[in-house]
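Residue numbers (our numbering): 221 to 424.
Just so it is clear, CB atoms sit at the ideal spot from N, CA and C, and this is done for glycine as well.
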Amino acid sequence: MLKDLVDAGGSGLLVPAVLFVLVLYVIRGAFSLHGRKSQHRKEFLDLWDADRIGDDLWLEVTVRHLFGVYLPAHVIRLALSHPSSSQALLDLSELWPLLRYDASSRTVQWRSKRHRSLSSKKLARYVPLVWYFAFAILGVMSALIAYHSDQNALLRWTYSVLSIVLFGCAMTHVAKDDAIKLAAESGDVWIYRINAEAVVLDGC
């Protein structure tokens, strides 16, 4: 495909052609990832056995297979006791990287100090969006510079690679957006529930 594009438009189309092919691979990778997630859901449902919920190791490995995040067994059971257990597990898997877990006390707290204040969490909701637009704009500018740098091959390739890196950074911040929003909306509630349950478990 790349050779055909360059042959049709000359060497001036080399960089745009490379960018185009890379975008196609990114799109293909996104669809492939979605397909793998669907496969994981099917495997999760095939593996799920309500009679084995008391088995900590089985429960942790099975949930991690679907959500890709390690959740302690007692936290999983807390989510399963929620009226909407599947949504609770999804929410906790999104929140967990933002939390610090103390295995000895079975309690959690915010990993970052900026998430411990409600006002800071509300402000932090907009940070990924700001970074997304900043990286995306810089990526577009770099791509335009690369496209118009016909006389300087090194400059063209440098800005082409830079644009790809910047677009990748932009997409990374989009991925963080859901977790930050969830932290502001229900993060403190889940921390309270987990820590309250830890007190009950210690008293047993």
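With C-beta atoms as the reference, is residue i less than 8 Å away from residue j?
| i | j | result |
| --- | --- | --- |
| A403 | L318 | yes |
| F287 | L315 | no |
| L312 | L291 | yes |
| V283 | I273 | no |
| L300 | R413 | no |
| F355 | H302 | no |
| Q307 | I411 | no |
By the 10 Å Cβ neighbour count, where 16 or more other Cβ atoms means buried, how is residue i classified, buried or exposed?
| i | result |
| --- | --- |
| A428 | Residue coverage of the chain in this structure runs from 221 to 424, which leaves residue 428 outside it and unanswerable. |
| P348 | buried |
| H285 | exposed |
| F353 | exposed |
| A366 | buried |
| A363 | buried |
Using C-beta distances below 7 Å, list every residue in its chain close to residue i, excluding the 5 sequence neighbours before and after it, in chain order.
| i | result |
| --- | --- |
| K401 | R345 |
| G359 | S383, L386, F387, A390 |
| L421 | H294, R326 |
| R331 | L318, L319, R320 |
| M361 | none |
According to DSSP, what are the bridge partners of residue i?
| i | result |
| --- | --- |
| M329 | For the sequence presented, residue 329 should be read as Gln rather than Met. Per DSSP, R320. |
Please go through the same chain and pick out, in chain order, the residues whose beta-carbon is closer than 6 Å to the beta-carbon of residue i, but skip the five residues on each side of it.
| i | result |
| --- | --- |
| T327 | N415, A418 |
| A270 | none |
| S435 | The question about residue 435 has no answer here: the residues shown for the chain are numbered 221 through 424. |
| V289 | S313, W316 |
| E280 | A293 |
Does any residue of chain D have a CB that is nearer than 8 Å to the CB of residue i?
| i | result |
| --- | --- |
| Y379 | Although the question refers to chain D, the structure presented lacks it and comprises just one protein chain. |
Which residues in the same chain have their Cβ closer than 8 Å to the Cβ of residue i, if we skip the five residues on either side of it in sequence?
| i | result |
| --- | --- |
| E405 | none |
May I have a chain-ordered list of the alpha helix (DSSP H) segments no shorter than 4 residues that lie completely inside the segment 348-420? The segment 348-420 contains these whole alpha helix (DSSP H) runs: 373-402.
Quick one: which unbroken alpha helix (DSSP H) runs of 4-plus residues sit fully inside the segment 281-320? Chain order, please. Complete alpha helix (DSSP H) runs here, min 4: 293-300, 305-315.
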